[in-house]
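Participant: Dumping the structure here so I can ask a few things about it.
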Amino acid sequence: MAECGSVEALKGSWDYVDGENFDAYMKEIGVSMIMRMTAKGVKPRLIINENNGTWTLRTESSIKTLSYDFVPGVEFEETTADGRHVKVTSYNCFCQSST
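Structure (C-alpha cells):
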C-alpha cells in the first residue's frame, strides 16, 4: 500500500448535496429499480471517524442507518444499503504529491 497524505479533512459529518449520475451508477452495479427509486428521495448524512487506524463510516437517513469499521488495506465484509454482501478493501487514495 502506498504511503499517502493526511485524510484528516474527511473526518466529521457530511450532508448529501447532489447525486448527478447516481441512478446510472446504481443501475450499473445491479441495484433494483425499486431501490433506485427509493434512494432518489433519501438525503443521507455520512459521519466519518478514525480511532487508532480504524475508520468508521456511518450513513444515517430517514430509511436506514448503516455503520461499518475498517482498517485501510485490510479486506472486510460489508452489507450494502440494498442488502448485497460484498468484500471490500479500502485504501487511502487521497495522496498528496511531495513536489
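In our numbering, the protein residues as written are 22 to 120.
Each residue gets a CB set at the ideal place from its N, CA and C atoms; glycine is no exception.
#1: Give me the DSSP bridge partner(s) of L31.
#2: Considering only their Cβ atoms, is the gap separating E71 from K108 smaller than 9 Å?
#3: Between F91 and S111, what straight-line distance do the alpha-carbon atoms span, to the nearest angstrom?
#4: For my contact list, R57 and D39 are in at a C-beta cut-off of 8 Å; report their separation, rounded to the angstrom.
#5: Looking at the secondary structure, which residues open and close the alpha helix (DSSP H) in which T59 lies?
#6: For the putative contact between T80 and P65, defined by C-beta atoms under 8 Å, what is the C-beta separation to the nearest angstrom?
#7: Quick one: residues in its chain with C-beta nearer than 8 Å to the C-beta of G94, no 5 flanking neighbours on either side, listed in chain order?
#8: So, is M54 buried or exposed, given that buried needs 16 or more other C-beta atoms within 10 angstroms?
Facilitator: Looking at the atomic coordinates:
#1: The residue labelled residue 31 in the question sits at position 10 within the sequence shown. DSSP output for L31 lists no bridge partner at all.
#2: Sequence index remark: in the sequence shown, residue 108 carries index 87 (1-based). Sequence index remark: in the sequence shown, residue 71 carries index 50 (1-based). With respect to the 9 Å criterion, K108 and E71 are not classified as neighbours on the basis of their beta carbons.
#3: Here residue 91 refers to the residue found at position 70 when the sequence shown is read from its first residue. Here residue 111 refers to the residue found at position 90 when the sequence shown is read from its first residue. Taking the Cα positions, F91 is about 8 Å away from S111.
#4: In the sequence shown, the residue the question calls residue 57 occupies position 36. In the sequence shown, the residue the question calls residue 39 occupies position 18. Contact doesn't hold; Cβ gap of about 16 Å is too wide.
#5: Along the sequence shown, one-based indexing puts residue 59 at 38. Element bounds for T59: 54-61.
#6: To locate residue 80, count along the sequence shown from 1; it is residue 59. To locate residue 65, count along the sequence shown from 1; it is residue 44. The pair is a contact, with the Cβ atoms about 5 Å apart (cut-off 8 Å).
#7: Locating residue 94 in the sequence shown gives position 73, where the first residue counts as 1. In chain order, M22, T110, S111, Y112 place their CB closer than 8 Å to the CB of G94, counting only its own chain and leaving out the 5 sequence neighbours on each side.
#8: For the purposes of this step, residue 54 is taken as the residue at position 33 of the sequence shown. Using a 10 angstroms sphere on the CB of M54, the tally of other CB atoms stays under 16, which defines it as exposed.
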